[in-house]
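S.K.: Numbering-wise (this note's numbering), the sequence shown opens with residue 32 and increments by one.
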Amino acid sequence: MSIISLFGALEVGLIYGLVALGVLISFRILNFPDLTADGSFPLGGAVCAVSIIAGVNPWLATLFGTLAGAAAGFVTAWLHVSLKIMQLLASILVMIALYSVNLRIMGAPNLPLIWEPTVITPFINEDYSNQFWVKPLIILLFVIAGKLLLDLFFRSRTGLATRATGANIKMSQAQGINTNLTTYLGMMISNALIALGGSLYVQTQGGADISIGVGTIVIGLAAVIIGETFITSKKMFWITTAVILGALLYRLFIALALHSEPLQKIGVGAQDLNFITSTLVVIALVLPQIKGKFKKLRGRR
C-alpha cells in the first residue's frame, strides 16, 4: 500500500471517527438504537455543499451542516419522546424521510465541489503537492476538538445526567432528572457529530452524493466495537479515544484488504467493500468473546 493510500485511509478514518463518536452517544451512552446516521451524514454533506456553492464561507457552511444534523437528531428524539414511537422505528422513519430531504436540498443526486473553496483550501499549495497529508491533519484537529469538547460535556452535571438516562431511565427519573431533555440533547449532539463528519467528507472528496450515507451506521458501530475490543475502560476519555482508534483501524483494515496482493489475485476489489465491512464487524463482535474465553482459561490455570 502506497503512502498516499495510507494517508487517504487515515483521512477517511478520522472522518468516521466523528461518526463513531456520534454512534457512541446514541447506542452506548443513551442506549438508543439510532439509524438516523444513514440520513444525517449525507444531510450534513448536502447542506454544507449547497451553502459553499451559494457563496457561504466554508467554515460557516460546515457549521450549517452540523446544525442540520442536530435538527435531524431532534426530530428522531421528538418522535420517540413526544409521539411515543419506538426508538428504532422513529430513527428509521427519519432516515427514510431524510433521503427525500437531501435530494430536495441538493436539487440533484450529486453536487461537485472540485473548484469550490473548502476549509482545507487555504492550507493547500498551488501545485496540490501537500494535500495528501494536509487533509488528514486538518480533519485530525476537528476530531481532537470534538473529542475534548465531548469529554468536557460528559464531565458536567448535564453530561452525567445524560449518561444516567441511558444507564437506567427509571432511576434517573426517580432522582429528578429530566430524561426527556437529556434524550433530546444526546440525540442532537450525536447526529451533529455525524453531520459534521458528512460536511468534512464532501469537502475532502470533492462533492456531495445522495448515496454517501449508505452503511454509515454499520461503519460507526464497527468503529465502536473495534475500539472497545482494544481499549477497555469506563473512563470517558479512554472510551472516546477507543472509538476514534476503532474508526482508524477499521479504515486501515479496509485499505489493506483492498490493496493486498493475495486478495487481489483472487479477484477481491472495490466491489467487495460491503462484504469486507460485514466480515470485519463479525470479527469485531467475536473478538470480545474470544478474549473472555482466554481470561477464563487463565483463571482456571
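Just so it is clear, CB atoms sit at the ideal spot from N, CA and C, and this is done for glycine as well.
All values derive from a computational prediction rather than experimental measurement.
Can you say whether Phe154 is buried or exposed, counting buried as having 16 or more other CB atoms within 10 angstroms of its CB?
M.R.: exposed
S.K.: Taking the C-alpha atoms as reference points, what is the distance between Lys265 and Ala85?
M.R.: 45 angstroms
S.K.: Buried or exposed for Ile46, please, with buried defined as at least 16 other CB atoms from any protein chain shown within 10 angstroms of its CB.
M.R.: buried
S.K.: Please specify which runs of the alpha helix (DSSP H), each continuous and at least 4 residues long, are wholly inside the segment 128-216, giving them in chain order.
M.R.: 162-186, 188-198, 200-205
S.K.: What residue from Met137, Phe268, Gln162 has the CA that sits closest to Phe38's CA?
M.R.: The shortest CA-to-CA distance from Phe38 to any of Met137, Phe268, Gln162 is the one to Gln162.
S.K.: Rank Arg188, Gly76, Ala223 by C-alpha distance to the C-alpha of Pro381 and give the top, closest one.
M.R.: Nothing about residue 381 can be read from this structure; the chain reaches only from 32 to 332.
S.K.: Could you tell me if Ser71 is buried or exposed, where buried requires 16 or more neighbouring beta carbons within 10 angstroms of its beta carbon?
M.R.: buried
S.K.: If you follow the beta strand (DSSP E) that Asn240 is part of, which residue opens it and which one closes it?
M.R.: As written in the sequence, residue 240 is Asp, which differs from the Asn given in the question. Taken as a continuous stretch (DSSP letters only), the beta strand (DSSP E) holding Asp240 covers 238-240.
S.K.: Span of the alpha helix (DSSP H) holding Ala333?
M.R.: Because the chain in this structure spans residues 32 to 332, residue 333 falls outside the shown range and cannot be described.
S.K.: For Leu252, which option in Ser33, Glu42, Thr67 has the closest C-alpha, if you only look at C-alpha atoms?
M.R.: Thr67
S.K.: Quick check on DSSP: helix, strand or coil for Pro64?
M.R.: coil
S.K.: Take Leu276 as the anchor and find which of Gly258, Asn141, Arg282, Phe284 has the nearest alpha-carbon.
M.R.: Minimum Cα distance to Leu276 is reached at Gly258.
S.K.: With DSSP collapsed to three states, give me the class of Ile35.
M.R.: helix
S.K.: For the alpha helix (DSSP H) holding Phe95, just list the boundary residues, first then last.
M.R.: 89-112
S.K.: Do Ile229 and Gly96 have their CB atoms nearer than 8 angstroms?
M.R.: One point to set straight first is that residue 229 is Gly, not Ile, in the sequence displayed. Taking 8 angstroms as the Cβ cut-off, Gly229 and Gly96 qualify as a contacting pair.
S.K.: Taking the alpha-carbon of Val87 as reference, which of Ala176, Glu157, Pro148 has the nearest alpha-carbon?
M.R.: That would be Pro148, whose Cα lies nearest to the Cα of Val87.
S.K.: So, Ala239 versus Val233, is the Cβ gap smaller than 8 angstroms?
M.R.: yes
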